[in-house]
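Asks: The structure's right below; bear with me while I get my questions together.
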Amino acid sequence: MSIEQPKNEAKNIDQTIDQMSNEKKDEILSNFEEFKSYLGDKVEWGKKLKLSEETLAKGAEKAANYLAEHEEPRNREENLLRELWKVGTEEEQHKLAHMLVKLVDEEK
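Now the structure itself:
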């Protein structure tokens with residue numbers, strides 16, 4: 080994998096979030112099960128593209144950063160994740176992103 084590939088993937092995540100309608104965001108974030116399902120679909124898609132677990136976690140990390148900075152939690156689980164994200168170091172956030180990928184991957 081080249082150095083450019085992760086940069087392009089991060090850019091794609093930004094574009095996907097920016098292009099998503101508020102209605103779609105509300106649907107995904109309306110409850111935690113819906114959020115996990117959406118993230119699980121993206122992880123499954125990434126695995127089909129043969130993305131590494133590290134790349135999947137970086138994608139989850141990018142999405143989590145966006146959510147922490149731009150979206151209000153809509154339920155207790157999202158609020159807990161946001162609070163953990165805010166107090167975590169970059170290393171802890173990265174580990175939490177890995178854990179989120181593992182959580183949704185094990186449910187598929």
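Okay, so the sequence shown: first residue is 80 according to the numbering used here, each after it adds one. For each residue, glycine too, the CB sits at the ideal point set by N, CA and C.
1. Just checking, does the region 133 to 143 make contact with the region 151 to 159 on the three C-beta pairs under 8 Å criterion?
2. For arginine 153, which three-state DSSP category applies?
3. So, do the region 162 to 178 and the region 107 to 120 have three or more beta carbon pairs nearer to each other than 8 Å?
4. Please report how far the alpha carbon of alanine 176 lies from the alpha carbon of alanine 143, in whole angstroms.
5. Please report the straight-line C-alpha distance between threonine 134 and glycine 125, rounded to a whole angstrom.
6. Going by beta carbon distance, what residues of the same chain come within less than 6 Å of isoleucine 82, once the five residues before and after it are set aside?
7. Could you check whether leucine 179 and leucine 191 sit closer than 8 Å to each other, using their CB atoms as the reference points?
8. Tell me whether methionine 80 is buried or exposed, calling it buried when 16 or more other Cβ atoms sit within 10 Å of its Cβ.
9. Could you give the distance in angstroms between the alpha-carbon of phenylalanine 111 and the alpha-carbon of glutamate 157?
10. Out of curiosity, what's the CA-to-CA distance linking aspartate 184 and glutamate 132?
Replies: Considering the structure as presented:
1. no
2. coil
3. no
4. Each residue's alpha carbon lies about 8 Å from the other.
5. The alpha-carbon atoms of threonine 134 and glycine 125 are separated by roughly 9 Å.
6. Note on isoleucine 82: pLDDT 41, under 50, position unreliable in the model; the coordinate value appears next. Here the set comprises nothing.
7. No statement about residue 191 is possible, as the shown extent of the chain runs from 80 to 187 and does not include it.
8. Confidence at methionine 80 is low in this model, with a pLDDT of 39, below 50, so the placement of that residue should be treated as unreliable; the coordinate-derived value is given next. So methionine 80 counts as exposed.
9. 7 Å
10. 10 Å
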